[in-house]
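Here is the structure we will look at, set down as structure tokens.
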Amino acid sequence: MRDASGAVRPGWVLLTVALLLGTLLPVPASASSRLKPAAAGTRAMWLWDAGAVRPADVLAWARARGVREVFVHADARLPSDASRLARLRELKRGADTARIRLTALGGDPRWALDHAAARAWQRAVLGTGLFAGSHVDVEPYVLPGWQTDQPALVAGLLRMLQLLQADDRRPLEADVPFWYGTIPAGPRTTLADAVLARVDAVTVMSYRDTVSGPNSLTAVGSDMLARAGRAGRPARLAAETSPLADCPHCTFHEEGAARMTAALAEVDAIARAYPAFAGIAVHHYTAWRAMRR
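Residue numbers (full-length UniProt numbering): 1 to 293.
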């Protein structure tokens, strides 16, 4: 999960000014009357290692922290993996009782070009009946081609999302970096807006360890929240808990769980100005549990 791109592009200018000023971008009054900001404390979380954790522990942790949705990593081999399938069925039973939604988490940067692999994954995991929808984490900007043929990867990513949406009626959500609004996706649109037109919701990788002000969680997330509102799509912000030696200001790992909890409550209060705000997702379960209190 990354939130940084390579070379600076002209489109960064307006967004950079907003981030440096620590300002939130305005949402038109007419935007998405059907959207309503999430209640304070609405949380989601990524679960990458579902096969190595006890379902009861995951659910107890989620219930205690207001987690209403878990993005559960599953690969295309899930239907033939009896042990993992049994564990996820146990997780599903408990989640249903607790009214916690499970969505299938998957992704590979190469899916932006290998659409067959993306579609096969979705067919396999949704075919188990365990998940309410798909949650994709496809980051084409980590591929070398992002520097040499960005338009092809942009077009490929959008086509992949379009195919996944068409293949299954269940909701499709995508993880997106906060800077997609600076990337062109044709002469009159941006990658942010084009993604929003092809999914049911997004989770914005707004990984920062400050609440407000320059380069903060709410500052970097504001552009996508405003765009999501105009598109009529819910958008979560996100917080990181893993240790990141190369980007300590991107994670709450050093601050600890108590300070993060307090900070996210402040984020709720600020971000609810956006109708599209759908709560905050925490990356990820194992790292969150390991944080110092």
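Where is the CB? At the ideal position from N, CA and C, for every residue including glycine.
Only a predicted model underlies this, so the values are computations on that prediction, with no experimental measurement involved.
Leaving out the 5 sequence neighbours to the left and right, which residues in its chain are closer than 8 Å to residue i when beta-carbon positions are compared?
i, result
"Y180", "T190, L191, A192, V195, M224"
"H284", "M45, W46, L47, W48, T241, S242"
"V211", "L217, T218, A263, E266, V267, I270"
"A112", "V138, P140, L143, L153, G156, L157, M160"
"L164", "A118, R119, Q122, S134, V136, L172"
Are there 16 or more other CB atoms within 10 angstroms of the CB of residue i, so buried, or fewer, so exposed?
i, result
"K92", "buried"
"T97", "exposed"
"G127", "exposed"
"G156", "buried"
"L21", "Low confidence applies to L21: its pLDDT is 41, below 50, so where it sits in the model is not reliable, and the reading given next is rough at best. Label assigned to L21: exposed."
"V142", "exposed"
"P187", "exposed"
"R68", "buried"
"P234", "buried"
"A82", "exposed"
"A104", "buried"
"L14", "Caution applies to L14, whose pLDDT of 39 falls short of 50 and renders its modelled position unreliable; the model cannot decide the point."
"A60", "exposed"
"A166", "exposed"
Quick one: grab the DSSP three-state call for residue i.
i, result
"G133", "coil"
"M224", "helix"
"I100", "coil"
"H283", "strand"
"M291", "coil"
"Y274", "coil"
"L196", "helix"
"P184", "strand"
"T128", "coil"
"G229", "helix"
"V267", "helix"
"L244", "coil"
"L35", "coil"
"T189", "coil"
"T210", "coil"
"G94", "helix"
Measure the alpha-carbon distance for residue i versus residue j and round it to whole angstroms.
i, j, result
"D149", "A76", "29 Å"
"D209", "V70", "22 Å"
"E266", "L88", "34 Å"
"A290", "A257", "9 Å"
"P109", "P37", "31 Å"
"R272", "T203", "15 Å"
"A281", "R236", "7 Å"
"G232", "A174", "15 Å"
"G133", "Q147", "32 Å"
"A117", "A238", "27 Å"
"E254", "L244", "9 Å"
"R63", "M160", "34 Å"
"R292", "R84", "29 Å"
"R259", "V58", "21 Å"
"G6", "P151", "Note on G6: pLDDT 36, under 50, position unreliable in the model; the coordinate value appears next. Straight-line Cα distance between these residues: approximately 15 Å."
"V72", "L102", "7 Å"
"D168", "G66", "29 Å"
Spatial neighbours of residue i within its chain, please: CB distance less than 7 Å, with the 5 preceding and 5 following residues excluded, ordered by chain position.
i, result
"A124", "A76, L78, P79"
"A56", "G94"
"G279", "A38, T42, R43, A44, R236"
"V220", "L19, F178, S206, R208"
"R227", "G181, A192, D193, L196"
Could you pull out every residue in the same chain whose Cβ sits closer than 6 Å to the Cβ of residue i, ignoring the five residues on either side in sequence?
i, result
"A287", "T241, S242"
"G107", "V136, D137, V138"
"W121", "A76, G106"
"Q162", "R198"
"V154", "A185, L191"
"G145", "L153"
Got a sec: does the ligand NAP put a non-hydrogen atom nearer than 7 Å to the Cβ of residue i?
i, result
"G107", "The ligand NAP is not part of this structure, which contains no ligands at all."
Segments of 3+ residues assigned as beta strand (DSSP E) that fall wholly inside the stretch 39 to 79: Counting whole runs of 3 or more residues, the stretch 39 to 79 contains the beta strand (DSSP E) stretches 43 to 47, 67 to 73.
Requested in this report: Just list the beta strand (DSSP E) runs in the stretch 131 to 179, keeping only unbroken ones of 3 residues or longer that don't cross its boundaries, in chain order.
Outcome: 134 to 136, 172 to 177
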